[in-house]
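Novice: Residue numbers (the numbering used here), protein chains in the order written: chain A, 366 to 705; chain B, 366 to 705.
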DNA sequence: TTGTAGGCGTTATCAT
DNA sequence: ATGATAACGCCTACAA
């Protein structure tokens, strides 16, 4: 029925378990005859090493825990795909959980995964996670953690993320060159690092072109449809409404553009709409963003897992946890104007 | 640094490991004093049972492998969410892999996961998987498998899926009542069970209303954008073009509707477009389907994992592998006409 | 070249 | 009420 053990093979062949063990590993000093006999029987009986036992002994599982906010977002599902690719490559597998952007649930999920004794943990923090003590303790206790995209604000941590500051500068620059000067930014909640990056980039981009930043044009949404609509309404009601709107991400973009079009704004004529994230699905929407800051989630995910593997293999030798890996990807501005 | 073992606790307290083990499990006949001492020290030292060791002993991992074609599809990402919920509920975790609809890759991924000695495997078959020997062997070898959504065509298997036959009948019925008689079906590849269900439902639906099935109206696409466009072109070129088009899924729908609208078809006026799957994203598209057959992926995923758990707990007692669970969900027709 | 034995952390069985 | 010991499957240092 189920796979035999080396013990069983040893019994059948009247040799010792160590002989079988070694034969199976192609140990150099083992009789060719014996080796062949063992390997043949093993194949015949469909022997498979019990990794449970091996990992138990080596204190390794070759499993990486991955905790993301919500896999329904294309950004994250693509990230997982990248991680999976790298995992397969390195003979790891992925234990998966979602936090649904709830810090409480995040802890629960991480705990459940940790208890499985994964070799490492890749985490993209919940939007509202601002207390990092738990994660500090986690690392303190010896767990290898690589943060992904939604990273904590301190230096002594392994992280892979996309710097949206530069991306936003590029975006603003492109808009201005295109003739838009009254550029609005529908940002996410102030607390989010992601929001801060976008705002700094926005301000920097405007400054470089010597355009005064008008804070009337900078609004924040709680990312709900209602929140976004309210903000757009406000922007449209200005005496001098913007002629370009940068949305926090494609979801915000879609809500914004849907509302605006219903107010008989000629989308991308009266107002140019641009965004981040570049969901492939936007191609099918009525008004895709005219430009998008691409963050390469798949590549990022892959990178994160590769860094994890590297750290793990280094740790094996010596536990020098004072060195941290940080990978900052540069996003790319994609222009769709021609294509659509 | 890392969590101590019961051995360590035993040493410190000058008791035997078995005492510690029992104290930790609230064994009835153990001295209250000893029990408290042990439990206190355990908490103090942050003791955590080594599940690796326990699972190794019990030959259980509490890990369920999940292999899906592609998590970027909303249907599957929602399914995973449902599975995760049920897994958490039952103290299982999920080891995850994608086949990308490639039968070869599917095998590789399943093998990698199987080698981790998961307790069970939930699989949604790759589109082009028509050889089931591998999976038969898998089950033969003792692995518990629950098929999900894309299920094999034989009876002796655990499965959870949505019967699209009934859903399609409902859809056709609705269209006819609405006044559409020339109903076209853009189906998926003939070989897919999913295509067969849709076709049977289509034929049944027409028959029930005494409408002759015109095979000119039944086309198949390879699901690529180009393939779909070609088929739509053909349908539009008929002397008597259809006044309703049922698309295989929302992706096909979006390609079809995009092309049709560019041919200055008045979408949902000249031709009514309906679909399956009900991706939430379609709400943002120019022409969402007017009606959709909802398949409840999250609920399905949850169900699949629950069935898995039930089977596993039954197996624990006695290995009677002759009974199979099959759960056929009835899809629901969702009408959007009013809402949008 | 091959065998013996100990150990990884835990639980369970049998003594005491 | 508590302790000693075997067992799970595998690996490996040491012995022969």
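Every residue, glycine too, gets a C-beta built ideally from N, C-alpha and C.
Given this structure, state the Cα-to-Cα distance separating residue 604 of chain B from residue 452 of chain B, to the nearest angstrom.
Specialist: Taking the first residue of the second chain as 1, we reach residue 604 of chain B at position 239. Taking the first residue of the second chain as 1, we reach residue 452 of chain B at position 87. In a straight line, the C-alpha of residue 604 of chain B is about 54 Å away from that of residue 452 of chain B.
Novice: Within the stretch 424-501 of chain B, note down every full beta strand (DSSP E) run reaching 3 residues or more, in order along the chain.
Specialist: 428-433, 458-463 and 485-488
Novice: Leaving out the 5 sequence neighbours to the left and right, which residues in its chain are closer than 7 Å to residue 632 of chain A when beta-carbon positions are compared?
Specialist: Here the question's residue 632 of chain A lines up with position 267 in the first chain. Taken in chain order, the residues that qualify are 622, 625, 626, 638 and 652.
Novice: Mark residue 618 of chain A as exposed unless 16 or more other C-beta atoms lie within 10 angstroms of its C-beta, in which case mark it buried.
Specialist: As a first step, residue 618 of chain A is located in the first chain; it is residue number 253 there, counting from the start. The residue in question, residue 618 of chain A, is buried, as its Cβ has 16 or more Cβ neighbours within 10 Å.
Novice: Measuring alpha carbon to alpha carbon, tell me which residue in A:406, A:655 and A:508 is nearest residue 700 of chain A.
Specialist: Numbered from its first residue, the first chain carries residue 700 of chain A at position 335. Nearest of A:406, A:655 and A:508 to residue 700 of chain A, Cα basis: A:655.
Novice: Is the Cβ-Cβ distance between residue 428 of chain B and residue 446 of chain A less than 8 Å?
Specialist: Position 63 of the second chain holds residue 428 of chain B. Position 81 of the first chain holds residue 446 of chain A. Going by C-beta atoms, residue 428 of chain B is not nearer than 8 Å to residue 446 of chain A.
Novice: Figure out for me which residue from B:692, B:486, B:557 and B:479 has the closest Cα to the Cα of residue 466 of chain B.
Specialist: Against the second chain, residue 466 of chain B aligns to sequence position 101. When each option's Cα is compared against that of residue 466 of chain B, the closest is B:557.
Novice: Can you give, in chain order, each stretch of the beta strand (DSSP E) that sits fully within the stretch 376-424 of chain B and has at least 3 residues?
Specialist: none
Novice: Taking 8 Å as the cut-off, decide whether the C-beta atoms of residue 567 of chain B and residue 540 of chain B are in contact.
Specialist: Your numbering for residue 567 of chain B matches position 202 in the second chain. Your numbering for residue 540 of chain B matches position 175 in the second chain. Not a contact, by the Cβ cut-off of 8 Å.
Novice: Locate the beta strand (DSSP E) running through residue 698 of chain B, then write down its first and last residues.
Specialist: In the second chain, counting from the first residue as 1, residue 698 of chain B sits at position 333. Counting along the chain, the beta strand (DSSP E) containing residue 698 of chain B begins and ends at 697-700.
Novice: When the cut-off is 8 Å and only beta carbons count, does residue 619 of chain B lie next to chain A?
Specialist: Position 254 of the second chain holds residue 619 of chain B. True, the Cβ-Cβ gap to chain A drops below 8 Å.
Novice: Would a C-beta distance cut-off of 8 Å place residue 688 of chain A and residue 661 of chain A closer than the cut-off?
Specialist: Along the first chain, read from residue 1 onward, the residue named residue 688 of chain A stands at position 323. Along the first chain, read from residue 1 onward, the residue named residue 661 of chain A stands at position 296. In this structure, residue 661 of chain A does not lie closer than 8 Å to residue 688 of chain A by Cβ.
Novice: Quick check on the DSSP output: what are the complete alpha helix (DSSP H) runs of length 4 or more inside the stretch 593-670 of chain A, in order along the chain?
Specialist: 615-627
Novice: Checking contacts by CB at 8 Å: is residue 439 of chain A closer than that to chain B?
Specialist: Here residue 439 of chain A refers to the residue found at position 74 when the first chain is read from its first residue. Chain B contact via Cβ: present.
Novice: Please report the distance separating the alpha-carbon of residue 468 of chain B from that of residue 417 of chain B.
Specialist: Along the second chain, one-based indexing puts residue 468 of chain B at 103. Along the second chain, one-based indexing puts residue 417 of chain B at 52. Residue 417 of chain B has its alpha-carbon roughly 32 Å from the corresponding atom of residue 468 of chain B.
Novice: At least one CB of chain B closer than 8 Å to the CB of residue 650 of chain A: is that the case?
Specialist: In the first chain, the residue the question calls residue 650 of chain A occupies position 285. Yes, contact with chain B.
Novice: Return helix, strand or coil for residue 542 of chain A, following the three-state DSSP convention.
Specialist: Residue 542 of chain A sits at position 177 when you count from the first residue of the first chain. In the structure shown, residue 542 of chain A sits in a helix (DSSP, three-state: H, G or I).
Novice: Leaving out five residues on either side along the sequence, give the residues of the same chain with a beta carbon under 7 Å from the beta carbon of residue 672 of chain A.
Specialist: Position 307 of the first chain, counted from the first residue, corresponds to residue 672 of chain A. If we look at residue 672 of chain A and ignore the five residues flanking it on each side, its Cβ neighbours are 511, 523, 525, 690 and 692.
Novice: CA-CA distance, residue 698 of chain B and residue 599 of chain A?
Specialist: One-based indexing of the second chain puts residue 698 of chain B at position 333. One-based indexing of the first chain puts residue 599 of chain A at position 234. Using only the alpha carbons, I get a separation of about 38 Å.
Novice: Closer than 7 Å between beta carbons: that is the criterion. Which residues of the stretch 436-467 of chain B meet it against chain A?
Specialist: Of all residues in the stretch 436-467 of chain B, 436, 437, 439, 442, 443, 445, 446, 449, 453, 458, 459, 460, 461, 462 and 463 have a Cβ within less than 7 Å of some Cβ in chain A.
Novice: Can you give the beta carbon distance from residue 383 of chain A to residue 412 of chain A, rounded, assuming they're within the 8 Å contact cut?
Specialist: Position 18 of the first chain holds residue 383 of chain A. Position 47 of the first chain holds residue 412 of chain A. Going by Cβ atoms, the distance from residue 383 of chain A to residue 412 of chain A rounds to 16 Å, so no, they are not a contact pair.
Novice: Quick one, are the C-beta atoms of residue 513 of chain A and residue 669 of chain A less than 8 Å apart?
Specialist: By one-based count along the first chain, residue 513 of chain A stands at place 148. By one-based count along the first chain, residue 669 of chain A stands at place 304. Yes, the Cβ-Cβ distance between residue 513 of chain A and residue 669 of chain A is below 8 Å.
Novice: Would you call residue 492 of chain B buried or exposed, if buried means 16 or more other Cβ atoms sit within 10 Å of its Cβ?
Specialist: Mapped onto the second chain, residue 492 of chain B falls at position 127. Around the beta carbon of residue 492 of chain B, a 10 Å sphere encloses 16 or more other beta carbons of the protein chains shown; the residue is thus reported as buried.
Novice: On the criterion of 16 or more Cβ atoms from any shown chain inside 10 Å, does residue 420 of chain B qualify as buried, or is it exposed?
Specialist: Indexing the second chain from 1 puts residue 420 of chain B at position 55. It is buried - the Cβ of residue 420 of chain B has at least 16 other Cβ atoms within 10 Å.
Novice: Consult DSSP for residue 691 of chain B and reduce its assignment to one of helix, strand or coil.
Specialist: If you number the second chain from 1, residue 691 of chain B lands on position 326. If DSSP states are grouped into helix, strand and coil, residue 691 of chain B belongs with the strands.
Novice: Quick check: residue 593 of chain A and residue 620 of chain A, are their CB atoms within less than 8 Å of each other?
Specialist: As a working note, residue 593 of chain A is residue 228 in the first chain. As a working note, residue 620 of chain A is residue 255 in the first chain. Taking 8 Å as the Cβ cut-off, residue 593 of chain A and residue 620 of chain A qualify as a contacting pair.
Novice: Would you say residue 585 of chain A faces chain B, with C-beta separation under 8 Å as the test?
Specialist: For the purposes of this step, residue 585 of chain A is identified with residue 220 of the first chain, where counting begins at 1. Not an interface residue.
Novice: Looking at chain A, which residues of the stretch 474-507 of chain B have a Cβ within less than 8 Å of any of its Cβ atoms?
Specialist: Interface annotation for the stretch 474-507 of chain B against chain A: 474, 477, 478, 480, 481, 482, 506 and 507, criterion Cβ-Cβ distance under 8 Å.
Novice: Between the Cα of residue 508 of chain A and those of A:478, A:494 and A:515, spot the shortest distance and give me the residue it belongs to.
Specialist: Position 143 of the first chain, counted from the start, is the residue given in the question as residue 508 of chain A. When only C-alpha atoms are compared, the closest one is A:478.
Novice: Report the rounded CA-to-CA distance for residue 577 of chain A versus residue 571 of chain A, giving the unit in angstroms.
Specialist: What you label residue 577 of chain A is simply residue 212 of the first chain in a count that begins at 1. What you label residue 571 of chain A is simply residue 206 of the first chain in a count that begins at 1. The alpha-carbon atoms of residue 577 of chain A and residue 571 of chain A are separated by roughly 7 Å.
Novice: Among residues of its own chain, excluding the 5 on either side of residue 535 of chain B, which ones have a beta-carbon nearer than 7 Å to its beta-carbon?
Specialist: The sequence position of residue 535 of chain B within the second chain is 170, counting from 1. The answer, listed in chain order, is 698.
Novice: What is the rounded straight-line gap between the Cα of residue 381 of chain A and the Cα of residue 422 of chain A?
Specialist: Along the first chain, one-based indexing puts residue 381 of chain A at 16. Along the first chain, one-based indexing puts residue 422 of chain A at 57. So the alpha carbons of these two residues sit roughly 20 Å apart.
Novice: Assuming residue 524 of chain A is part of the beta strand (DSSP E), what are its boundary residues?
Specialist: Walking along the first chain from the start, residue 524 of chain A turns up at place 159. Per DSSP, residue 524 of chain A is one residue of the beta strand (DSSP E) stretching across 523-527.
Novice: Going straight from the alpha carbon of residue 425 of chain B to that of residue 458 of chain B, what length do you get?
Specialist: Numbered from 1 along the second chain, position 60 holds the residue referred to as residue 425 of chain B. Numbered from 1 along the second chain, position 93 holds the residue referred to as residue 458 of chain B. Cα-Cα distance, rounded: 12 Å.
Novice: Considering only C-alpha positions, which residue in the set B:628, B:582, B:614 and B:587 is nearest to residue 606 of chain B?
Specialist: One-based indexing of the second chain puts residue 606 of chain B at position 241. Nearest C-alpha to residue 606 of chain B: B:582.
Novice: Pull up the DSSP beta-bridge partners for residue 513 of chain B, would you.
Specialist: Along the second chain, read from residue 1 onward, the residue named residue 513 of chain B stands at position 148. B:525, per the DSSP bridge assignment.
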